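Residue numbers (full-length UniProt numbering), protein chains in the order written: chain C, 1 to 229; chain Y, 1 to 229; chain R, 1 to 229; chain U, 1 to 229.
Where is the CB? At the ideal position from N, CA and C, for every residue including glycine.
Bear in mind the structure is a predicted one, so any value in this text is a computation, not a measurement.
Scroll down for the structure; my scribbles are underneath it.
4 protein chains.
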Amino acid sequence: MDSAPMRNDLPRAAAAGKREQTKVLNRQLILNAARQVFAELGYGAATVRDIIRATPLASGTFYNYFKSKEEVYQAIRDEVALAIRPRLHDERMKASTVEEFISCTFRTFFEYVADDRMNFRTIRHAADNTRVRMDTPEVIAGFEELREDIERAISKNLFPPVDPDLLMAAIVGVAFEVSERMLKTSPHDPKAAADFATALFLGGVRALPEMQHHEESGESNGELKSDAA
Amino acid sequence: MDSAPMRNDLPRAAAAGKREQTKVLNRQLILNAARQVFAELGYGAATVRDIIRATPLASGTFYNYFKSKEEVYQAIRDEVALAIRPRLHDERMKASTVEEFISCTFRTFFEYVADDRMNFRTIRHAADNTRVRMDTPEVIAGFEELREDIERAISKNLFPPVDPDLLMAAIVGVAFEVSERMLKTSPHDPKAAADFATALFLGGVRALPEMQHHEESGESNGELKSDAA
Amino acid sequence: MDSAPMRNDLPRAAAAGKREQTKVLNRQLILNAARQVFAELGYGAATVRDIIRATPLASGTFYNYFKSKEEVYQAIRDEVALAIRPRLHDERMKASTVEEFISCTFRTFFEYVADDRMNFRTIRHAADNTRVRMDTPEVIAGFEELREDIERAISKNLFPPVDPDLLMAAIVGVAFEVSERMLKTSPHDPKAAADFATALFLGGVRALPEMQHHEESGESNGELKSDAA
Amino acid sequence: MDSAPMRNDLPRAAAAGKREQTKVLNRQLILNAARQVFAELGYGAATVRDIIRATPLASGTFYNYFKSKEEVYQAIRDEVALAIRPRLHDERMKASTVEEFISCTFRTFFEYVADDRMNFRTIRHAADNTRVRMDTPEVIAGFEELREDIERAISKNLFPPVDPDLLMAAIVGVAFEVSERMLKTSPHDPKAAADFATALFLGGVRALPEMQHHEESGESNGELKSDAA
DNA sequence: AATGAATGAGTTTTCATTCAT
DNA sequence: TATGAATGAAAACTCATTCAT
């Protein structure tokens, strides 16, 4: 009140005003809560109430930020895709051999997943352990980008003229499925995962690295909560 | 119950009591409706009401057959798993080389999927094109079985001593992801899919078969409904 | 902040303190917005939010001027009644014949309505074309005043000893209903309306003026908005 | 229960089954509650909750019968309009003089209103005594019908060639406004009201019947509630 | 068994009002 | 004094489940 009307247009610079800050904070509070809740209950079963409850905010506040569960979800997936897709694409464009193409794809992906587990964690139904993977439009766009990169690589004779669609599918399938295994080991070992997947794609099962001992982490549904908190 | 699913368009052969017949019929009506609804809305978002609505039956009737959405879901799962898991396991037990192990796994899987698309079709949210894959407990049990089979194969020196968990994950990832691509081509070509996946796992990308031209079928979300009906 | 919303089109005339001016302006902004909103949604369905939205002001600002929807409404009412009631009363007090009493009542009323359409415009629900007429306490007080004037006229033998309540009702009914017809013709013709109503009250249907051609104006619900803006 | 499965398709006849009966009853419970609530709070301010509360039914039950407040309201107004419009039209078609046309219109209308007060009772805001009249599409259709009947009467030389729109407006205005006065007297006297209005329209104020003594009923807002109950 | 309306707890959403900036 | 985000009470609506027929 004593700070007067405050002409905040100019001197603002990096200050951002407390209001601004709170808004950003609250938005993140909601997004994080939503990530947790989706992971715990699955997207379909999650309710806006569940998200609000996982937040210190009031119910009405949710609607100041998002119109619906769908909209929160959009926001989450956009964050993820925007972060990882350019990285993957750049790496692949630099590849001059099959080895590089394959290895950088897997390495970059697994490292991202290991860093940002929350966003990739496969959703599981607490009740029945049903596993749900949602590939949002942005993620699917990432698949398309991979396919295009494969086509480009084929035209540069980096790859033999294989079906780019099937190869993309195989890479995606392995990436997601192996990611999940990786997230179950402790500590997460993106390098081992990448080496495994890369070796498989370059030489088949007979070229795979010999068994690495890994411990099953004790992670269970119960722990998801604390993870995300 | 012993009179089986019974396509009831045909003359009632062995004449199970009409009562009996209706019971079986209604059960199947509900299960089919549930499959559709789960596919369209996802398991979490689907409601018992949705399932009933997709049925000519009254709401109360649902509860004569199943206690809840969960129970219908269990029933669906069991049908699928009971059908495919033993086949996969048997085939793999007969394998005496890596080649056989890998190829029979993919071939059997893709053939089943091509036959029984409804149950494997990846769920898509009509609204936002979100892709959802649900791995039910039974399906996950199938994954475990695969891992055990891999371990057995390793101990028989069929495989080198790789990480069975990661190999299982890779096989599963490729199987599901490639299945989906396969379901988009018309006619479905399980052999091509199996050949691709098998070659990849045996020799890596450089061993992959050369490009097969395939046509995108016109399949879209819109058709899911009629598919399943 | 002190540079204000300020309708700065015209030179600021008499230079009331800028502060002062803004206050009056904002008050009018709110009142006008409220008139619109009440007209569009009806009083009961209108919300303070609706009013604020129809304003360039912030929600909190509303409460600097009015405590509630009720209070704005009172203010609107008062404006209207303060404008028209004294005029009607004065005219009628000057009447020395039935003819004068009736004709001045209708003429004054229709002229006011034609001038200040916004406040008399019958409310219509855009959605369902429902017509809503609100007679506010002030308006009803105007009715009472009319009845008293009728009683006074009867006691002065201007009128035969009719039921003043029923006569008042008839005058009011015709005044409002014919007003509305008048507002639908373009240009508004308060004289024709007054002549019609006066003739009816003085001689019945057989004394009515012969048909006047009138054009339906293109006015529709859609235009209410722009009218009031 | 002892009546067994009861093949109710045939022997049903006039029986209608208890279920049927309950449905009709509940529908009426809701409609009556809605009439009360609209009368007490005004249409806009009334909520579905208010209607449900005025009913012995559960909240969900409301939605088995009507989708929204709007829909209940539609049902109410349809009931009214369907009841009164044909009667008015028939009477007017039989009229062979101005006198008959006017008198039957008013008489029929006032009698109906006196009989079915609930549906015509002008809505008042408990809080601020605001009067609200809603002319629904059906009611407006009744206005149009009157205008057409007037046009027909003019072409039959029953009426002089007056503006049918204005005459309709005047009749409607007087009918509604006088109705309301009538409802305030006790006992309701539709004949007096009709005589008054008819005399006014046939001969103007100088032809009006001499004052009838009438008592103001003690009706106040507070009593509306019990009235409608 | 089948039916389908009733139930009421739970979810979604809106809104008046407050209050820190 | 203006702003507009936060609040939480209340309204709107949905749904699994029961139960009379």
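query: Looking at A33(Y) and T46(Y), is the spacing between their C-beta atoms short of 8 Å?
result: Reading the second sequence from its first residue, position 46 is the one you call residue 46(Y). Reading the second sequence from its first residue, position 33 is the one you call residue 33(Y). Just to set this straight, residue 46(Y) is Ala in the shown sequence, not Thr. Taking 8 Å as the Cβ cut-off, A46(Y) and A33(Y) do not qualify as a contacting pair.
- request: Indicate whether the contact test is met: 3 or more Cβ pairs, each with one atom in the region 196–211 of chain R and one in the region 204–213 of chain U, closer than 8 Å.
  value: yes
query: Can the beta-carbon of V172(R) be found closer than 8 Å to that of F143(R)?
result: Looking up residue 172(R) in the third sequence gives position 172. Looking up residue 143(R) in the third sequence gives position 143. In contact: V172(R) and F143(R) (Cβ atoms closer than 8 Å).
task: Please confirm whether E99(Y) and V162(C) have their CB atoms less than 8 Å apart.
output: On the second sequence, residue 99(Y) is found 99 positions in, with the first residue counted as 1. On the first sequence, residue 162(C) is found 162 positions in, with the first residue counted as 1. Against a cut-off of 8 Å, the Cβ pair of V162(C) and E99(Y) comes out as no contact.
field: As assigned by DSSP and simplified to three states, the class of T97(C)
entry: As a first step, residue 97(C) is located in the first sequence; it is residue number 97 there, counting from the start. T97(C) falls in the coil class under three-state DSSP.
- request: Step through the CB atoms of chain U and report whether any lies within less than 8 Å of the CB of E180(R).
  value: For the purposes of this step, residue 180(R) is identified with residue 180 of the third sequence, where counting begins at 1. It does: the Cβ of E180(R) has a partner Cβ on chain U nearer than 8 Å.
message: Can you tell me whether G60(R) is buried or exposed? The criterion is at least 16 other CB atoms within 10 Å of its CB, across all chains shown.
response: For the purposes of this step, residue 60(R) is taken as residue 60 along the third sequence, with counting starting at 1. Answer is exposed; the Cβ neighbour count stays below 16.
field: Cβ neighbours of E20(C) in the same chain (closer than 7 Å, five flanking residues each side left out)
entry: Translated into positions along the first sequence, residue 20(C) becomes position 20. Result list for E20(C): empty, nothing under 7 Å.
query: Can you name, in chain order, every residue of its own chain whose Cβ lies under 8 Å from the Cβ of L158(R), other than the five neighbours on each side?
result: Position 158 of the third sequence holds residue 158(R). Closer than 8 Å at the Cβ level, and outside the excluded window around L158(R), lie A95, S96, T97, V98 and F101.
query: DSSP three-state call for G142(U): helix, strand or coil?
result: Translated into the one-based positions of the fourth sequence, residue 142(U) becomes position 142. Correct three-state label for G142(U): helix.
query: So what does DSSP say about V162(U), is it helix, strand or coil?
result: Here residue 162(U) is taken as the residue at index 162 of the fourth sequence, counted from 1. If DSSP states are grouped into helix, strand and coil, V162(U) belongs with coil.
- request: Work out the CA separation of P56(Y) and R87(U) for me, nearest whole Å.
  value: Residue mapping note: residue 87(U) aligns to position 87 of the fourth sequence, counting from 1. Residue mapping note: residue 56(Y) aligns to position 56 of the second sequence, counting from 1. Distance between the alpha carbons of R87(U) and P56(Y): 44 Å.
query: How long is the line joining the alpha carbons of M168(R) and R85(R), rounded to whole angstroms?
result: Mapped onto the third sequence, residue 168(R) falls at position 168. Mapped onto the third sequence, residue 85(R) falls at position 85. Distance between the alpha carbons of M168(R) and R85(R): 15 Å.
- request: Note down the Cα distance separating K18(U) from Q28(Y), rounded to an integer number of angstroms.
  value: The residue given as residue 18(U) occupies position 18 in the fourth sequence. The residue given as residue 28(Y) occupies position 28 in the second sequence. Their Cα atoms are separated by approximately 33 Å.
- request: Could you tell me which chain Y residues have their CB closer than 8 Å to the CB of residue 234(C), listed as they occur along the chain?
  value: Outside the displayed span of chain C (1 to 229) sits residue 234(C), for which this structure offers no information.
- prompt: Is any beta-carbon of chain R found at less than 8 Å from that of E91(U)?
  reply: Along the fourth sequence, read from residue 1 onward, the residue named residue 91(U) stands at position 91. E91(U) does not count as touching chain R.
query: What separation, rounded to the nearest whole angstrom, lies between the Cα atoms of residue 232(R) and D50(R)?
result: Any question about residue 232(R) goes unanswered here, given that chain R covers just 1 to 229.
Coarse secondary structure for F62(U), derived from DSSP in three states: Stepping through the fourth sequence from its first residue, residue 62(U) is reached at position 62. It is helical.
- prompt: In chain C, which residues lie with their C-beta within 7 Å of the C-beta of E177(Y)?
  reply: Within the second sequence, numbered from 1, the residue matching residue 177(Y) stands at position 177. Neighbours of E177(Y) on chain C, chain order: A169, A170, V172 and G173.
task: State yes or no: is the beta carbon of A95(C) nearer than 8 Å to at least one beta carbon in chain Y?
output: The sequence position of residue 95(C) within the first sequence is 95, counting from 1. Closer than 8 Å: no.
- request: Quick one: using the 10 Å Cβ neighbour count with 16 as the cut-off for buried, is S179(Y) buried or exposed?
  value: On the second sequence, position 179 is the one that residue 179(Y) refers to. Label assigned to S179(Y): buried.
- request: Give a yes or no on whether the minimum CB-CB distance between G204(U) and chain R is below 8 Å.
  value: Translated into positions along the fourth sequence, residue 204(U) becomes position 204. Yes, because at least one Cβ of chain R sits closer than 8 Å to the Cβ of G204(U).
message: Which residues in chain C have a C-beta closer than 9 Å to the C-beta of residue 262(Y)? List them in chain order.
response: A query on residue 262(Y) cannot be resolved here, the shown segment of chain Y reaching from 1 to 229 and no further.
Euclidean distance between Cα positions of L166(R) and A193(U): To locate residue 166(R), count along the third sequence from 1; it is residue 166. To locate residue 193(U), count along the fourth sequence from 1; it is residue 193. One C-alpha to the other measures close to 8 Å.
Inter-residue spacing [alpha-carbon to alpha-carbon] between D149(R) and P164(R): As a first step, residue 149(R) is located in the third sequence; it is residue number 149 there, counting from the start. As a first step, residue 164(R) is located in the third sequence; it is residue number 164 there, counting from the start. Roughly 9 Å between the two C-alpha positions.
task: Taking only beta-carbon positions, decide if residue 291(C) is within less than 8 Å of chain Y.
output: The structure shown does not extend to residue 291(C), since chain C is modelled only from 1 to 229, so the question has no answer here.
- prompt: Is E20(C) helix, strand or coil by DSSP?
  reply: Mapped onto the first sequence, residue 20(C) falls at position 20. Here E20(C) sits in helix by DSSP.
task: Express the C-alpha separation of K69(U) and R147(C) in angstroms, rounding to a whole number.
output: As a position in the first sequence, residue 147(C) is number 147, starting the count at 1. As a position in the fourth sequence, residue 69(U) is number 69, starting the count at 1. Computed Cα separation, rounded: 53 Å.
- prompt: Would DSSP call D116(Y) helix, strand or coil?
  reply: Walking along the second sequence from the start, residue 116(Y) turns up at place 116. The answer is coil: DSSP assigns D116(Y) none of H, G, I, E or B.
Proximal chain Y residues relative to V165(C), where beta-carbon distance stays under 7 Å: As a first step, residue 165(C) must be located in the first sequence, where it is residue number 165. Position check: residue 165(C) holds Asp in this sequence, whereas Val was assumed. Simply R181.
query: Whose Cβ in chain R lies nearer than 9 Å to the Cβ of A81(U)?
result: Stepping through the fourth sequence from its first residue, residue 81(U) is reached at position 81. Under the 9 Å cutoff, chain R gives no residues; its nearest Cβ is about 13 Å from A81(U).
message: Below 8 Å on the Cβ atoms is my contact criterion, and I expect P190(Y) with E111(Y) to pass it. Report the Cβ-Cβ distance as a whole number of Å.
response: As a first step, residue 190(Y) must be located in the second sequence, where it is residue number 190. As a first step, residue 111(Y) must be located in the second sequence, where it is residue number 111. Yes, P190(Y) and E111(Y) are in contact; Cβ-Cβ is about 5 Å, under 8 Å.
query: Quick one, are the C-beta atoms of I30(R) and V80(R) less than 8 Å apart?
result: Within the third sequence, numbered from 1, the residue matching residue 30(R) stands at position 30. Within the third sequence, numbered from 1, the residue matching residue 80(R) stands at position 80. No, Cβ-Cβ distance for I30(R) and V80(R) is not below 8 Å.
query: What number of angstroms, rounded off, separates the C-alpha of residue 276(Y) from the C-alpha of T198(Y)?
result: What is shown of chain Y runs 1 to 229, which leaves residue 276(Y) out entirely.
- request: Taking F201(U) as the query, report the chain R residues whose CB atoms sit under 8 Å from its CB, ordered along the chain.
  value: The residue given as residue 201(U) occupies position 201 in the fourth sequence. Neighbours of F201(U) on chain R, chain order: L200, G204 and V205.
query: Going along chain R, which residues have a C-beta under 8 Å from A39(U)?
result: For the purposes of this step, residue 39(U) is taken as the residue at position 39 of the fourth sequence. Chain R residues near A39(U): none, gap ~13 Å exceeds 8 Å.
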